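Asker: There's a structure below that I have some questions on.
Chains as they are written, first to last, in the working numbering: chain A, 1 to 117; chain B, 1 to 372.
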C-alpha cells in the first residue's frame with residue numbers, strides 16, 4: 001500500500017521536475033519570433049518536404065521480434081523467482097518454452113529478418 | 001547478528017527519528033503528507049546533484065583520456081562548470097518549431113524524465129534509503145525504464161525533422177533490442193537469488209556477492225548487462241541515435257533550452273541508473289565487503305556508512321562506462337543489431353538455463369562453501 005503510494009509520489013516528482021523547470025525557463029528565457037527560426041533544422045538549407053512519411057520496414061521487424069521475447073520475459077520472471085522450489089520439473093517445462101522461442105528466433109534468422117539491407 | 005548494527009553516520013537514523021517524532025505529534029494523514037513531500041524534495045535534489053556531478057566528472061575524465069585539461073576556468077579546477085551550464089541552459093530560449101506536432105513535442109520530455117525518475121526512486125542508495133521497494137523490484141525497474149523510449153520516439157516523430165526521425169528510429173530499434181538482454185541478464189540473477197525485491201537481493205549478498213555466487217553464469221550475465229545497459233543509454237560505441245557527424249544531434253535536434261536540458265539530464269541519469277542497478281544486483285549494493293567468520297574485519301568495514309559503499313561501487317562502474325565510451329569507435333546499425341540478436345540474446349538464453357542447473361545441482365559458491 002505505502003509502496004504503491006510512494007510509486008505515485010516518485011511519479012509526481014518527475015512531473016514536478018519538468019513543469020517547474022519549464023516554468024522557470026519561461027520566466028527567465030528570452031522570447032523572439034522569426035520565421036526562419038521556426039523551420040526544422042536541415043544543415044542551413046531551406047527545409048524540403050515533411051519527414052512524416054513511410055519509413056524503412058527493418059525497424060518494424062525488430063519491433064515484432066522484440067515483442068515476442070518481451071512477452072517471454074514476462075512469463076519467465078515469475079518462474080525465475082520460484083525455480084529453486086520447482087526443481088527439475090520447472091527446468092524441463094521452461095526449457096520446452098525457451099526452445100520453441102529459440103526456434104522462432106532461428107526462423108527469423110533463416111528468413112533474413114536479422115540481415116540489414 | 002550484524003544486521004541490526006547502529007551507525008552514527010547512517011541517514012536512516014535521521015529518517016526513523018523524523019518518522020517517530022512526526023507520528024507522536026500529529027495525525028497519520030499529515031505524517032504521510034509531510035513524508036511524501038520530503039521524499040519528493042530529496043529525490044529532486046539527489047537527481048539534480050548527481051546529474052551535475054556526473055556531467056562534471058564525465059567532462060573531466062574524458063579530458064584526461066584525451067590528454068587535455070577539460071573545464072578549468074569556472075571555479076577551482078572548473079568545479080562550478082556544470083552549475084554554470086545549468087544556469088545558462090535555463091536562460092536559453094525555448095524555440096518553437098512551426099511545423100511540429102506541438103502537443104507531442106511538449107509531452108516527450110515528460111516521458112523521459114518520469115521514466116528515469118521512477119527508476120531512480122527504486123534504487124537503494126543506502127540502508128533505508130530507497131523510496132519504492134516493490135516485491136517485484138527487478139521487473140519494475142526493467143518495465144519502467146523502458147517507458148523512456150516512448151519519449152525518444154515521440155520527440156523524433158513530432159519534431160518533423162529528418163535527422164530527428166532517423167535518430168529516433170535508430171534509438172527505438174537499439175533500445176528495444178538491448179532491453180531484452182538487460183532484462184534476461186537480470187533474470188539470471190533472479191534465478192540465483194530467488195527474489196526480485198531489491199532489499200532482499202541485497203541482504204542475500206552479505207557474505208557473497210551475486211557475481212561470485214553464481215561464478216561463470218553470473219560473470220557472463222554481468223558483462224552482458226554492462227554492454228546492454230551501456231547501449232540502452234545511447235552512449236559510447238552505441239551512440240548511433242545521436243551520431244553528431246551524421247545526424248546533428250539525433251532525436252533532440254529540434255529541442256532547445258531547457259527542453260534539451262531534460263534529455264541531457266535523463267541521459268546522464270540513465271547512465272547512473274544502469275551502474276547503480278548493476279551494483280545492487282551483482283555487486284552487493286550498499287553492503288560493505290564482508291567475509292564470513294572474520295568478525296573484526298567485518299566490524300571495521302561496517303564503520304564506513306552504507307551510502308559511501310554504494311556510491312563507491314557505482315562510481316567504479318561509471319568510470320568503466322566512460323572508459324568504454326572513449327575507447328571504441330562507433331558501430332554501424334547492422335553491427336549493433338547483430339551483436340544483440342545473434343550473440344547476446346542466444347548466449348543469454350543459454351546462460352539462464354546454465355544458471356538454473358547451477359542452482360539446482362548446488363554448484364553455487366554459497367552451497368559449495370556453506371556461506372549464509
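Idealized CB from N, CA, C, for every residue including glycine. For clarity, every value in this text was computed on a predicted model and none was experimentally measured.
#1: Checking 7 Å against the spacing of the C-beta atoms, do residue 108(B) and residue 155(B) come in under that value?
#2: Name the chain B residues that come within less than 8 Å of residue 111(A), Cβ to Cβ?
#3: Given this structure, state the Cα-to-Cα distance separating residue 165(B) from residue 305(B), to the nearest angstrom.
#4: Less than 8 Å between the CB atoms is what I'm expecting for residue 47(B) and residue 79(B), so what's the real figure, rounded?
#5: Kindly indicate which residue of 70(A), 97(A), 5(A) has the alpha-carbon position closest to the one of residue 40(B).
#6: Between residue 282(B) and chain A, is there a C-beta pair that is closer than 7 Å?
#7: Only counting the same chain, and skipping five residues up and downstream in sequence, which positions put a Cβ closer than 7 Å to that of residue 37(B)?
#8: Check whether the Cβ of residue 88(B) lies closer than 7 Å to any Cβ atom in chain A.
#9: What alpha helix (DSSP H) runs, 4 residues minimum, are completely inside the region 283 to 310 of chain B?
#10: Report the neighbours of residue 11(A) on chain B: residues whose CB is nearer than 7 Å to its CB, in chain order.
#11: Mind listing the chain A neighbours of residue 378(B)? Cutoff is C-beta to C-beta under 9 Å, in chain order.
#12: Is the region 215 to 231 of chain B touching the region 339 to 354 of chain B in the sense that three or more CB pairs, one from each, lie closer than 8 Å?
#13: Near residue 260(B), which residues of its chain fall below 6 Å by C-beta distance, leaving aside the five closest residues on each side in sequence?
#14: Hey, how far is the Cα of residue 167(B) from the Cα of residue 246(B)?
#15: When you compare the CB positions of residue 330(B) and residue 237(B), do they come within less than 7 Å of one another, or not?
#16: Would you kindly check if the distance between the Cβ of residue 13(A) and the Cβ of residue 258(B) is under 7 Å?
#17: Using only the alpha-carbon positions, how far apart do residue 82(B) and residue 275(B) sit?
#18: With a threshold of 6 Å, establish whether the CB of residue 191(B) neighbours any heavy atom of the ligand ZN.
#19: Determine the burial state of residue 117(A): buried for a count of at least 16 other Cβ atoms within 10 Å of its Cβ, exposed for fewer.
#20: Take the Cβ of residue 69(B) as the centre, count every other Cβ of all protein chains shown within 10 Å, and call the residue buried at 16 or more, exposed below.
#21: Can you find a C-beta in chain B that's less than 7 Å from the C-beta of residue 34(A)?
#22: Does the distance from the C-beta atom of residue 80(A) to that of residue 191(B) stay below 7 Å?
#23: For the alpha helix (DSSP H) holding residue 162(B), just list the boundary residues, first then last.
#24: Please tell me whether residue 182(B) and residue 225(B) are closer than 7 Å, where the distance is taken between their beta carbons.
#25: Drop a sphere of 10 angstroms on the beta-carbon of residue 2(A), count the other beta-carbons inside from all chains shown, and report buried for 16 or more, exposed for fewer.
#26: Under 8 Å: do the region 113 to 128 of chain B and the region 10 to 22 of chain B share three or more Cβ pairs, one atom per stretch?
#27: Quick check on this structure: which residue in 199(B), 222(B), 337(B) has the alpha carbon closest to the alpha carbon of residue 240(B)?
#28: Mind listing the chain B neighbours of residue 171(A)? Cutoff is C-beta to C-beta under 7 Å, in chain order.
#29: Residue 54(B) and residue 268(B) - do their beta-carbons sit closer together than 7 Å?
#30: Could you please give the first and the last residue of the uninterrupted alpha helix (DSSP H) stretch that includes residue 79(B)?
#31: Taking the C-alpha atoms as reference points, what is the distance between residue 150(B) and residue 110(B)?
#32: Look at the alpha carbon of residue 172(B) and the alpha carbon of residue 223(B), and state the distance between them as a whole number of angstroms.
#33: Looking only at its chain, what residues have a beta carbon closer than 6 Å to the beta carbon of residue 204(B), apart from the 5 residues adjacent to it on each side?
#34: Is it buried or exposed for residue 208(B), if we count other Cβ within 10 angstroms and need 16 for buried?
#35: By how many angstroms is the C-alpha of residue 302(B) removed from the C-alpha of residue 227(B)?
#36: Out of 326(B), 188(B), 113(B), point me to the one whose CA is closest to residue 51(B)'s CA.
Answerer: Reading it off the structure:
#1: yes
#2: In chain order: nothing, as chain B lies at least about 13 Å away.
#3: 46 Å
#4: About 20 Å separates the two Cβ atoms, so there is no contact after all.
#5: 5(A)
#6: no
#7: none
#8: no
#9: 295 to 302
#10: 114, 118
#11: Absent from the structure is residue 378(B), since the part of chain B shown begins at 1 and ends at 372.
#12: yes
#13: 252
#14: 10 Å
#15: yes
#16: no
#17: 21 Å
#18: As presented, the structure is devoid of all ligands, the ligand ZN included, so that no description of it is given.
#19: exposed
#20: exposed
#21: no
#22: yes
#23: 162 to 193
#24: yes
#25: exposed
#26: yes
#27: 337(B)
#28: Missing from the structure shown is residue 171(A); chain A here goes from 1 to 117 and no further.
#29: yes
#30: That residue, residue 79(B), is in no alpha helix (DSSP H); it is neither H nor E in DSSP.
#31: 10 Å
#32: 22 Å
#33: 193
#34: buried
#35: 32 Å
#36: 113(B)
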